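Chemist: Structure below; questions to follow.
Residue numbers (mature numbering (1 follows the signal peptide of the UniProt record, and there is no 0)): -30 to -1, 1 to 264.
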């Protein structure tokens, strides 16, 4: 049977995601450093597109980062539980979302045994990875995003990375017509400028860590209803106190602090087909956060 172009694109994306781990060396056997933690954050001011209500969310986070001889891995799983203002499909209870992010870096200086540093930059890398998500709302998104591009790694305490990534996303809308005449879509390619950081410092006797990321994503063509998407900005940042170091002298074991999420044109949303700006596309959400590293 002859496959459709859409089915072929799905197969190509699935194969690319499945093949990515095969390109990565066995970091578990050759790890030079690693950091794994369980995190929790909570806020009451989250927003969702086409929803006029502020949403309360509990977020459970599992994160692992590790380095090996020529690169490093990063994987993060967020489990986001909304309150009833963001309901699950067919229910008054809040929706649950799973969001998985994986990034792998190849450090070119280490691969080619060459000093790639210049100015404040200590290393140049190539970053590749993917995002996957699912959420049990009526919209029923199934995001599949592949990214690849260069990264500059800056010489600072902790880390500061700046990347320019090429991204291609597939997603799903379960609302049906007229809201979503197309239930499955492959968006146009987009550019993503991404900065991430984790910088420890002292404020008198208090050990602190300033951490987070910011992504600027270009528009990605038309959405499910044929409406042009807009550029999108997402920032999550936090200031954490190293409580474990203060109490027991053990660094980077238990951290607690406050954070902030800023999101503009969430998921590329801006206007509907009539040109009216959608509600719920911008988020300004203070958060309370904890991390247990092991």
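Glycine residues also receive a C-beta, built at the ideal position from the N, C-alpha and C atoms.
Only a predicted model underlies this, so the values are computations on that prediction, with no experimental measurement involved.
#1: Please classify residue 239: is it buried, with 16 or more other beta-carbons within 10 angstroms of its beta-carbon, or exposed?
#2: Roughly how many angstroms lie between the CA atoms of residue 141 and residue 154, to the nearest whole one?
#3: Could you tell me the distance, in whole angstroms, from the CA atom of residue 264 to the CA atom of residue -1?
#4: According to DSSP, is residue 184 helix, strand or coil?
#5: Would you mind sorting residue 194 into buried or exposed? The rule is 16 or more other CB atoms within 10 Å of its CB.
#6: Within 10 angstroms of its Cβ, does residue 233 collect 16 or more other Cβ (buried), or is it exposed?
#7: At what residues does the alpha helix (DSSP H) containing residue 81 begin and finish?
#8: Would you report the Cα separation of residue 38 and residue 80, rounded to the nearest angstrom?
#9: Look at the alpha carbon of residue 133 and the alpha carbon of residue 88, and state the distance between them as a whole number of angstroms.
#10: Rounded to the nearest angstrom, what separates residue 314 and residue 10 at their Cα positions?
#11: Which one of 190, 124, 125 has the shortest CA to CA distance from residue 115?
#12: In angstroms, rounded to a whole number, what distance separates the CA positions of residue 217 and residue 56?
#13: Which ranges does the alpha helix (DSSP H) cover as unbroken runs of at least 4 residues, wholly within the stretch 22 to 57, from first to last along the chain?
#14: If you measure between the beta carbons of residue 227 and residue 210, is that distance less than 8 Å?
#15: For the beta strand (DSSP E) containing residue 214, name the first residue and the last one.
#16: Assuming the contact rule is C-beta atoms closer than 8 Å, residue 249 and residue 106 should be a hit. Round their C-beta distance to whole Å, please.
#17: State the start and end residues of the unbroken beta strand (DSSP E) segment that holds residue 274.
#18: Taking the alpha-carbon positions, what's the residue 199 to residue 192 distance?
#19: Quick test of your reading: residue 201 and residue 235, contact by CB under 8 Å. State the CB separation rounded to the nearest angstrom.
#20: Looking at the structure shown, is residue 238 part of a helix, part of a strand, or coil, going by DSSP?
#21: What do you get for residue 22, buried or exposed, if any count of 16 or more other CB atoms within 10 angstroms of its CB means buried?
Modeler: The answer reads as follows:
#1: Note on residue 239: 16 or more other CB atoms within 10 angstroms of its CB, so buried under the neighbour-count rule.
#2: Note on geometry: alpha-carbon atoms of residue 141 and residue 154 lie some 6 Å from one another.
#3: C-alpha separation (whole angstroms): 19 Å.
#4: Note: residue 184 maps to strand in three-state DSSP.
#5: For residue 194, the number of other beta carbons within 10 angstroms of its own is at least 16, and it is reported as buried.
#6: Buried, since its Cβ has 16 or more Cβ neighbours within 10 Å.
#7: Residues 78 to 81.
#8: Their backbone Cα atoms lie some 10 Å apart in a straight line.
#9: If you take the alpha carbons of residue 133 and residue 88, they lie about 16 Å apart.
#10: There is no way to answer for residue 314, as the model of the chain reaches only from -30 to 264.
#11: Measuring from the Cα of residue 115, the nearest candidate turns out to be 190.
#12: Straight-line measurement puts the Cα of residue 56 at about 39 Å from the Cα of residue 217.
#13: Runs found: none.
#14: Yes; because the gap between Cβ atoms is below 8 Å, this pair is in contact.
#15: Careful: residue 214 lies outside any beta strand (DSSP E), inside the alpha helix (DSSP H) at 213 to 218.
#16: Actually they are not in contact, since the Cβ atoms of residue 249 and residue 106 sit about 22 Å apart, beyond 8 Å.
#17: With the chain covering only -30 through 264, there is no way to say anything about residue 274.
#18: The straight-line gap separating the alpha-carbon atoms of residue 199 and residue 192 is approximately 6 Å.
#19: Right, their Cβ atoms sit about 7 Å apart.
#20: In this structure, residue 238 counts as helix in the three-state DSSP scheme.
#21: Residue 22 is exposed by the Cβ-count criterion.
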